[in-house]
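Visitor:
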Amino acid sequence: MIPSANPSVNQRFELPHFVSAFAFFLTTWGIAVFFLYSATLFRIGEFTLILGLALLTVSPFGWLIIQIALPDIRSIAIRLALVLLVGLIVSIHLGFFLGALGFQNAYIWVCIVSAGLSITLFILRQRKAYPTWRSNFWIDARIFLTKPTVWVIAGLGMLSIIAIIPLLAPFVRLTTTLSLDYSYIDKFFHMARAQILSNGAPEWTSAETGGVRPIVYPDYYDFWIGMLIHWSQLAIRPIYLLYIPILQILLNVLVSYALGKTITGSPWGGFLAIVLCNIAFFPNPYDSNLLLRNIDTYPDFVMGRMRFLPWRGTLTYGLAWTMLSGTTLCLAMYRKHALTRTGTGFVTIAALLIAGILRIRSNYFLILAPLFVLLILYWIVKLRDWRLFWALGIFALMLGAIYLESASARYDAATAALALRYGVYGNFAPIFLPQSARPLFNLAPTLLQPISNSLGVIALRMFGVVYGALFLYEIARLVRRRIPLTTFRLFLLAALGLLFIEILFVVRADPNFDAGGGDWSPQAATLAAWLAVLLAIAPLFHIARGLLRRFAIIQQNFYSIVIGSLVILTLISYRGADAALHDQTRRAYPVRAAELDTYTWLRQTASPRAIVAAHPDYQVNAAGETIAQTNFLSGMTERPAYLQRVGPYNIQENSLRGERLRELFNTNSPETARQLLTQMSFDYLLVYPEIPPKIDLSCCLKLVKKGIPQVYAK
């Protein structure tokens, strides 16, 4: 069967038969498993364990909340998407709060009790609704599993995983004696935090300056990952680099489908949303680094690069994007259930998701939270829906709990000054504009040049050709009143406007902003990429539907065209992921076999609370980066570092530690070395042959591991 092109028919395409959909899933599943086993550390038993623990900690909370807030929603896709997304947000916050109150061990038991309560309530509901509920349950299950939609979504999920597999295997063996680790600096940063948080919440020490108070940072998600590490007793690398990204992709696939189906009114809109959000990679033809393969470039503000940002850097980007999709879904559903209890439930769920962003990806919070509150207040005044105050109340309570925990004495108070360390956008934007386009934007009056520059970055880099054209098409349809300005469109467009304002007025003028200790608004600017994707779903669906009606050849070969397009998009995205992994080869970390043996020994032998140290000037890659500039040390040892990635916080302590380490390696006096060691709080010292100490450290430390590097213990 092919989709109908008859305009009189409702705008719903016909789905493939069950056999075809199931064959599509089996094929993509087989390819995904083959690539995962051949290219990564994937093990089906370990993945099943992590999946089970993740569902145990997420599903009960989500199911209970959705049953209370949205009892009348019959869409399985919407219900399941919100159960998992809300359950995840509630679970990671509840677990962290329990840890902060000293009841960390109660977290898993709360999850188990919630699971038991969820199952009990489900059985009671089934018994009340159906006298023979057992038989009805299995009948409903068989009906669900024979729906083609289920297997098409599963197949698209497998393609989404295939598209990013290169980024799931950053450790590459070149020879028997040399490997390269392409892990980005932020990936090591969050891995180290997850390792520390696996011992309890909140973290007991800084991952980068071990022994001092940690900074206030969005670490709730890292805590949840740390708990999975603790409960499963598996190594952190496959969990953080492989299993959690896979679970995150599958969650985003489900939420994307629910959103696409809701805003287009067709399951094909849901399939299209999955492709746009997870598979499609559209590089800009005018970019000098078209496929991101140039060496040592800085194309972070390129739309194509954003597609892979969560898997190349920190996973919190991807989770925050999924939460934005879930919020948009809830707001779109509210307009269909306004002035009802169900409508209030959708707004309440959106409040939970927006509040959760504060300690997941706080860079987005200043954009989304005020907009959400203003939108709810507008509905309260216009629709006189006073029940929405419940949603605002829950929003305020959750923010209050997060604020009290974040402002506690266990964190470094100096980090509260983060937002005050940045100036106006100034001359920072032009470095991200194409060289040929800069003169055009410089034609604007001097006073307006910062505005035109930042707008140019969004239009030419963040959106790119494809998404930019779709955005303009959608705006034209709105202006010509071909489509209404619905709630979800208003929310996304307003978020884009607020993002533009934040980029304009908050980002530092100094091009060397990294040296200043932060990049708050450049990180916030990455939200533009996801806004572009969400805004592109409806216009692209409208264009595809129009082409389908207009051209008979498309109707006759519809499924062949769809499958062929999916294959091409997946291959291009796979190529883009591989390029994103290797685009800065000089920054990759070369690891000798002897070094790998030492790091493995430390991970297996050293206490989880042990602090490791090394000479701060030891170069870790061909780009000349050192221990003091990267997260290499904690990334390799999976332990907090005495000194690494020196930033603006604890600057006095960092400077003092760096001077002491250098003096320890340069002294000719064992007595001076002993005196210095009494002032330093590390447990293990790594000594690389490239920077040897001037004295034999065996006089003061115990040599516990020979090799490269040598390991001394205090």
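All the letters of the sequence shown, read from the start, carry residue numbers 6 to 719 under this note's numbering.
No residue lacks a Cβ here, since even glycine has one placed at the ideal position from N, Cα and C.
1. So for valine 221, helix, strand or coil by DSSP?
2. Alpha carbon to alpha carbon, how far is phenylalanine 27 from alanine 285?
3. Between isoleucine 83 and the rest of its own chain, which residues show a CB-CB distance below 6 Å, the 5 nearest in sequence each way excluded?
4. What does the Cβ neighbour count give for phenylalanine 40, buried or exposed, with the cut at 16 atoms within 10 Å?
5. Please report the straight-line C-alpha distance between arginine 662 and alanine 678, rounded to a whole angstrom.
6. Excluding five sequence neighbours on each side, which residues of the same chain lie with their C-beta closer than 7 Å to the C-beta of threonine 349?
7. For a test of the three-state rule: what should DSSP assign to aspartate 622, helix, strand or coil?
8. Would you check if there are 3 or more beta carbon pairs closer than 8 Å linking the stretch 362-381 to the stretch 106-114?
9. Excluding the 5 residues preceding and the 5 following serine 96 in the sequence, name in chain order all residues of the same chain whose CB lies nearer than 6 Å to its CB.
10. Suppose you measure from the CA of proline 288 to the CA of leucine 574; what does that come to, to the nearest Å?
11. Based on Cα-Cα distance, which residue from Gly35, Ile385, Leu404 and Phe276 lies nearest to threonine 154?
12. Following the continuous alpha helix (DSSP H) through leucine 239, name the residue where it begins and the one where it ends.
13. My assumption, with CB atoms under 8 Å, is that alanine 212 sits in contact with alanine 197. Please give the rounded CB distance.
14. So what does DSSP say about tyrosine 579, is it helix, strand or coil?
15. Output yes or no for whether 7 Å exceeds the beta carbon distance between asparagine 659 and arginine 650.
16. In three-state terms, what does DSSP make of leucine 702?
17. Cα separation between methionine 641 and tyrosine 604?
18. Restricting to Cα atoms, I'd like to know which of Arg644, Leu571 and Gln589 is closest to alanine 278.
19. Three-state secondary structure (DSSP) at serine 203?
20. Rounded C-beta distance between leucine 540 and leucine 497? I'm assuming under 8 Å.
21. Considering only C-alpha positions, which residue in the set Ile559, Gln609, Ala530 and Ala59 is nearest to methionine 232?
22. Could you check what DSSP says for leucine 122 in three-state terms: helix, strand or coil?
23. What do you reckon, are the CB atoms on phenylalanine 101 and phenylalanine 228 nearer than 7 Å?
24. Would you mind giving the Cβ-Cβ distance between isoleucine 94 and glycine 361, rounded to the nearest angstrom? I have them listed as a contact below 8 Å.
25. Use the C-beta contact count for proline 489: other C-beta atoms within 10 angstroms, 16 or more gives buried, fewer gives exposed.
26. Out of Met338, Ser413, Tyr187 and Ile616, which one is the CA nearest neighbour of phenylalanine 493?
27. Distance check for leucine 56 and aspartate 583, CA to CA, integer angstroms please.
28. Applying the criterion that 16 or more other CB atoms from any shown protein chain within 10 Å of the CB defines a buried residue, is tryptophan 114 buried or exposed?
29. Could you tell me the distance, in whole angstroms, from the CA atom of leucine 576 to the CA atom of isoleucine 166?
30. If distances are taken between C-alpha atoms only, which option among Pro613, Leu87 and Arg580 comes closest to isoleucine 70?
31. Classify glutamine 657 as helix, strand or coil using the three-state DSSP reduction.
32. Excluding the 5 residues preceding and the 5 following serine 261 in the sequence, name in chain order all residues of the same chain whose CB lies nearer than 7 Å to its CB.
33. Got a sec? Which residues, its chain only, sit under 7 Å from glutamate 479 by beta carbon, not counting five neighbours each side?
34. Is the beta carbon of isoleucine 220 less than 7 Å from the beta carbon of aspartate 390?
35. Starting from the Cα of alanine 530, find the closest Cα among Gln589, Tyr322, Asp588 and Ala593 and give me that residue.
36. Per DSSP, what kind of secondary structure is phenylalanine 563 in: helix, strand or coil?
Guide: Walking through what the data contain:
1. Start at 1 with the first residue of the sequence shown, and residue 221 comes out as number 216. Valine 221 falls in the coil class under three-state DSSP.
2. To locate residue 27, count along the sequence shown from 1; it is residue 22. To locate residue 285, count along the sequence shown from 1; it is residue 280. Cα to Cα, the separation comes out at about 22 Å.
3. What you label residue 83 is simply residue 78 of the sequence shown in a count that begins at 1. Here the set comprises Ala263.
4. The count along the sequence shown starts at 1 and reaches residue 40 at position 35. Phenylalanine 40 should be labelled buried.
5. The residue labelled residue 662 in the question sits at position 657 within the sequence shown. The residue labelled residue 678 in the question sits at position 673 within the sequence shown. Computed Cα separation, rounded: 14 Å.
6. For the purposes of this step, residue 349 is taken as residue 344 along the sequence shown, with counting starting at 1. Result list for threonine 349: Arg392, Leu393, Trp395 and Ala396, in chain order.
7. Working through the sequence shown from its first residue, we reach residue 622 at position 617. Of the three classes helix, strand and coil, the one that applies to aspartate 622 here is coil, per DSSP.
8. no
9. Here residue 96 refers to the residue found at position 91 when the sequence shown is read from its first residue. Cβ neighbours of serine 96 beyond the five flanking positions: Thr62, Val63 and Phe66.
10. The residue given as residue 288 occupies position 283 in the sequence shown. The residue given as residue 574 occupies position 569 in the sequence shown. The straight-line gap from Cα to Cα measures roughly 12 Å.
11. If you number the sequence shown from 1, residue 154 lands on position 149. Among Gly35, Ile385, Leu404 and Phe276, the Cα nearest to that of threonine 154 belongs to Phe276.
12. Here residue 239 is taken as the residue at index 234 of the sequence shown, counted from 1. Run containing leucine 239: none; DSSP gives neither H nor E here.
13. Within the sequence shown, numbered from 1, the residue matching residue 212 stands at position 207. Within the sequence shown, numbered from 1, the residue matching residue 197 stands at position 192. Going by Cβ atoms, the distance from alanine 212 to alanine 197 rounds to 4 Å, so yes, they are a contact pair.
14. Position 574 of the sequence shown holds residue 579. Tyrosine 579: helix per DSSP, three-state reduction.
15. Against the sequence shown, residue 659 aligns to sequence position 654. Against the sequence shown, residue 650 aligns to sequence position 645. Their beta carbons are not under 7 Å apart, which means asparagine 659 does not touch arginine 650 by this criterion.
16. The count along the sequence shown starts at 1 and reaches residue 702 at position 697. It is helical.
17. The residue labelled residue 641 in the question sits at position 636 within the sequence shown. The residue labelled residue 604 in the question sits at position 599 within the sequence shown. Each residue's Cα considered, the two are about 6 Å apart.
18. As a working note, residue 278 is residue 273 in the sequence shown. Ranking Arg644, Leu571 and Gln589 by Cα distance to alanine 278 puts Leu571 first.
19. Here residue 203 is taken as the residue at index 198 of the sequence shown, counted from 1. The answer is coil: DSSP assigns serine 203 none of H, G, I, E or B.
20. For the purposes of this step, residue 540 is taken as residue 535 along the sequence shown, with counting starting at 1. For the purposes of this step, residue 497 is taken as residue 492 along the sequence shown, with counting starting at 1. Their Cβ separation, rounded to whole angstroms, is 5 Å, which keeps leucine 540 and leucine 497 in contact under 8 Å.
21. By 1-based counting over the sequence shown, the position of residue 232 is 227. Minimum Cα distance to methionine 232 is reached at Ala59.
22. The residue given as residue 122 occupies position 117 in the sequence shown. The answer is helix: DSSP assigns leucine 122 an H, G or I state.
23. Start at 1 with the first residue of the sequence shown, and residue 101 comes out as number 96. Start at 1 with the first residue of the sequence shown, and residue 228 comes out as number 223. In this structure, phenylalanine 228 lies closer than 7 Å to phenylalanine 101 by Cβ.
24. Numbered from 1 along the sequence shown, position 89 holds the residue referred to as residue 94. Numbered from 1 along the sequence shown, position 356 holds the residue referred to as residue 361. With a Cβ gap of about 4 Å, isoleucine 94 and glycine 361 count as contacting.
25. Residue numbering aside, residue 489 sits at position 484 when the sequence shown is read from its first letter. The residue is exposed, with fewer than 16 neighbouring Cβ atoms inside 10 Å.
26. Position 488 of the sequence shown, counted from the first residue, corresponds to residue 493. Answer by Cα proximity: Met338.
27. For this step, residue 583 is matched to residue 578 along the sequence shown. For this step, residue 56 is matched to residue 51 along the sequence shown. The alpha-carbon atoms of aspartate 583 and leucine 56 are separated by roughly 26 Å.
28. Translated into the one-based positions of the sequence shown, residue 114 becomes position 109. With fewer than 16 Cβ atoms within 10 Å of its Cβ, tryptophan 114 is classed as exposed.
29. Looking up residue 576 in the sequence shown gives position 571. Looking up residue 166 in the sequence shown gives position 161. Roughly 12 Å separates the two Cα atoms.
30. The residue labelled residue 70 in the question sits at position 65 within the sequence shown. With distances taken between Cα atoms, isoleucine 70 lies closest to Leu87.
31. For the purposes of this step, residue 657 is identified with residue 652 of the sequence shown, where counting begins at 1. Here glutamine 657 sits in helix by DSSP.
32. By 1-based counting over the sequence shown, the position of residue 261 is 256. For serine 261, where only same-chain residues beyond five positions count, the Cβ hits under 7 Å are Ala278, Ile279, Cys282, Asn283 and Ser330.
33. Here residue 479 is taken as the residue at index 474 of the sequence shown, counted from 1. Excluding residues within five positions, the ones whose Cβ falls inside 7 Å are Leu540, Ala543 and Pro544.
34. By one-based count along the sequence shown, residue 220 stands at place 215. By one-based count along the sequence shown, residue 390 stands at place 385. No; because the gap between Cβ atoms is not below 7 Å, this pair is not in contact.
35. Taking the sequence shown and counting its residues from 1, one reaches residue 530 at position 525. The option with the nearest alpha carbon to alanine 530 is Tyr322.
36. Residue mapping note: residue 563 aligns to position 558 of the sequence shown, counting from 1. The answer is helix: DSSP assigns phenylalanine 563 an H, G or I state.
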